[in-house]
């Protein structure tokens, strides 16, 4: 009988636990979705949902649904699930905290971080002097002032790095000074805050100076072992994953085992398990390990975000009773908000100004650093576990965390509106450009995290086109496939950007034959429309004359109007193009003059063009190639040969070996696929690589000029682009070949350039 009753009680507890988990997950998803619709981070709605399931809202309904939905025997189980969720969450935060974000701006980041922690921490201690007489009794026992003061200081000074990253990405601020510096400062802030928390826990738990010293020494030793011993061992996971070709269950098991052992060790030391989880995430290799780290985070998020973290929200919400805040509590809450917002803003603003960041931008940094979110709740839950925060004070601080996070986005729109963001992004990218050569070519790289050797091979054609010009390597970083969730949004994108910058910088060191090299990256959404807009913006900011992109990524550049787009592709050509060329060659035109029917171009560059804007741009590009490669140029046109010769030689004179031939219906140009014009007005260029077998596999470029500015005359465009370069370009040919003019207007092809002999060594090393 007794066994039957025990079994029934266990079944009842299990049923309530399962029902409670279902309700919590549903409430968290609904709350997160509503928050996103209101323009807030999802974590705001999920925290609010957790509070709503507690006595603050659900508990006000007659019958107290909270008590029977979450009975007392179930709450410890929910608490255990919540702690596991926190351990996983803190590991992911550490995993995605890439200190390369601080590189090159460490001094400013440290200054902003120290002032944004120091000022609110000090004000938090002062606030404790006011609040301690009202909250000195916790659980029927008087607490010490020191523990409460230290925790109030930490609560005032925390910044939620993941939520800050999400807000910043949503506003497109990752390319601005406030975005860059606040992200770097928040990364330093995270490290300092968790170290400070460990010290505060040591002070509270240790009691005596000797015990405190022991905890601090053990913690320091633990951190040293993690970096000196564990981190090199974790690098072997990279090789393991490379051999397997995927994240295997065994690799994930090693990570999970290490994670929970690390959390258990810090709990035994006395500095809480979340510190061990965070440090284990930090020591995970970052350089060259984006793929495995993304896969690990993706697997763990499926469990922690969807199921376990909502348990933490409801456990927090069960301890928040807003109705229990008495008359004195509301002025205390107002004081808490003033100190939290004002202290953090003042500290971050002063640090930013000391780092020579302008006033408006410094204010934006200060607003961003006020984001607290889920990280604040983690700190507060630790304080409550240690018994230094009363229920009423805990509720006030939870409200403060919500309010400061909710206010960040609207305040940021006031302090740093979208128009200013766009202006600052443009100014920053223009400052990156080197002065000097007026011709600038931007090469779009849609896979900047590939190996440098692979990018060298893939960009050879594009870099060859930029010979003698200023080169801009523009990396487009697309977000990971997974949808970022609570607390850890967007951070892998920044890690990918850091990888991209390092890769493109290495690539730039292997580029030769260009005047200067500049590297820039953009993090964009996965939609082609958004990518095209970003490419257009980068081209405008960099004042590019041409935008080059590989044929495999050509769809990303559709709609670019800031500069002509040139798509590089294999010289084998499209089968349809070859068929069209065959048809042209098979229908000779009787009565055509011999020099208008055939032009031999094995030793130079051939441009087959029409009278469209793209066709004229093809001529402009062909002239530049001929000048900088020192090769003769043949232009085949259905229009006026005299006009084209005049346009080219007006500025360049005899500095270019030029031949202009007529391209009438049925004519054949030896060595080229003289295909008909495309319906979309694209002009095709072909040029051979700088290799011994260049004639075997010529390269093809497709020009698509949809620039929105009014078009100058061709001679003016050539003069503006190349007149200053002609003295520097070797001319090995005899000059312009005599060629009778042919003014017949006939239908022809798009612009096409072909070169079939090597001229110089490869443009990329």
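In full-length UniProt numbering, the protein residues as written are 1 to 765. No residue lacks a Cβ here, since even glycine has one placed at the ideal position from N, Cα and C.
C-alpha gap between residue i and residue j, whole angstroms
i: residue 766; j: residue 721; result: In this structure the chain extends from 1 to 765, so residue 766 is not present and cannot be described.
i: residue 340; j: residue 124; result: 8 angstroms
i: residue 69; j: residue 223; result: 42 angstroms
i: residue 165; j: residue 179; result: 9 angstroms
i: residue 402; j: residue 337; result: 11 angstroms
i: residue 58; j: residue 454; result: 58 angstroms
i: residue 36; j: residue 405; result: 13 angstroms
i: residue 714; j: residue 554; result: 26 angstroms
i: residue 662; j: residue 626; result: 19 angstroms
i: residue 185; j: residue 284; result: 21 angstroms
i: residue 617; j: residue 712; result: 11 angstroms
i: residue 678; j: residue 513; result: Any reading at residue 678 needs caution, since the residue's pLDDT is 40, under 50, leaving its predicted position unreliable; the model's value is listed next. Approximately 33 angstroms between the Cα atoms of the pair.
i: residue 370; j: residue 384; result: 22 angstroms
i: residue 55; j: residue 277; result: 31 angstroms
i: residue 660; j: residue 511; result: 33 angstroms
i: residue 366; j: residue 390; result: 30 angstroms
i: residue 269; j: residue 219; result: 7 angstroms
i: residue 492; j: residue 32; result: Here residue 492 scores only 47 on pLDDT, less than 50, and its place in the model should not be relied on; the value that follows carries that caveat. Roughly 21 angstroms between the two C-alpha positions.
i: residue 343; j: residue 327; result: 25 angstroms
i: residue 710; j: residue 622; result: 21 angstroms
i: residue 149; j: residue 203; result: 12 angstroms
i: residue 509; j: residue 273; result: 45 angstroms
i: residue 349; j: residue 110; result: 13 angstroms
i: residue 380; j: residue 228; result: 31 angstroms
i: residue 76; j: residue 64; result: 19 angstroms
i: residue 612; j: residue 541; result: 26 angstroms
Nearest neighbour of residue i, chosen from the options [CA to CA]
i: residue 500; options: 520, 704 and 313; result: 520
i: residue 449; options: 442, 112, 503 and 441; result: 503
i: residue 13; options: 78, 271 and 391; result: 78
i: residue 462; options: 167, 565 and 611; result: 565
i: residue 305; options: 369, 92 and 228; result: 92
i: residue 634; options: 350, 460 and 607; result: 607
i: residue 20; options: 82, 63, 44 and 39; result: 82
i: residue 360; options: 408, 400, 420 and 370; result: 420
i: residue 300; options: 129, 84 and 709; result: 84
i: residue 107; options: 187, 121, 97 and 363; result: 187
i: residue 18; options: 28, 652, 459 and 74; result: 74
i: residue 105; options: 230, 172 and 183; result: 183
CB contact flag (residue i, residue j, <8 angstroms)
i: residue 266; j: residue 275; result: yes
i: residue 88; j: residue 411; result: no
i: residue 332; j: residue 134; result: yes
i: residue 281; j: residue 86; result: no
i: residue 497; j: residue 468; result: no
i: residue 704; j: residue 640; result: no
i: residue 53; j: residue 317; result: yes
i: residue 325; j: residue 226; result: no
i: residue 151; j: residue 132; result: no
i: residue 352; j: residue 121; result: no
i: residue 648; j: residue 718; result: yes
i: residue 355; j: residue 112; result: yes
i: residue 241; j: residue 251; result: yes
i: residue 387; j: residue 143; result: yes
i: residue 160; j: residue 413; result: no
i: residue 569; j: residue 460; result: no
i: residue 507; j: residue 456; result: yes
Counterpart residues of residue i in DSSP-defined beta bridges
i: residue 546; result: 441
i: residue 704; result: 565
i: residue 470; result: 440 and 516
i: residue 141; result: 138
i: residue 522; result: 476
i: residue 658; result: 633
Contact with chain B by residue i, beta-carbon distance below 8 angstroms
i: residue 89; result: Among the protein chains of the structure shown there is no chain B, as only one such chain exists.
### Message
Whether or not the stretch 146 to 158 and the stretch 371 to 379 are in contact is what I'm after, with contact meaning three or more pairs of Cβ atoms, one per stretch, closer than 8 angstroms; do they touch?
### Response
yes
### Segment contact flag, the stretch 528 to 542 with the stretch 551 to 562, C-beta cutoff 8 angstroms, min 3 pairs
yes
### Task
Could you tell me whether the stretch 15 to 31 touches the stretch 286 to 294, using the rule of 3 or more Cβ pairs below 8 angstroms?
no
### Validate contact between the stretch 512 to 519 and the stretch 455 to 475 using beta carbons, cut 8 angstroms, 3 pairs
yes
#### Entry: Three-pair Cβ contact test at 8 angstroms for the stretch 37 to 56 versus the stretch 311 to 321
yes
### Task
Say whether the stretch 539 to 557 touches the stretch 441 to 456, bearing in mind that this needs 3 or more beta-carbon pairs closer than 8 angstroms, one atom from each stretch.
yes
### Query
Any chance the stretch 103 to 123 sits against the stretch 135 to 146, with 3 or more Cβ pairs inside 8 angstroms?
no
### Message
Taking contact to mean 3 or more Cβ pairs, one atom from each stretch, closer than 8 angstroms, check whether the stretch 187 to 204 and the stretch 213 to 223 are in contact.
### Response
yes
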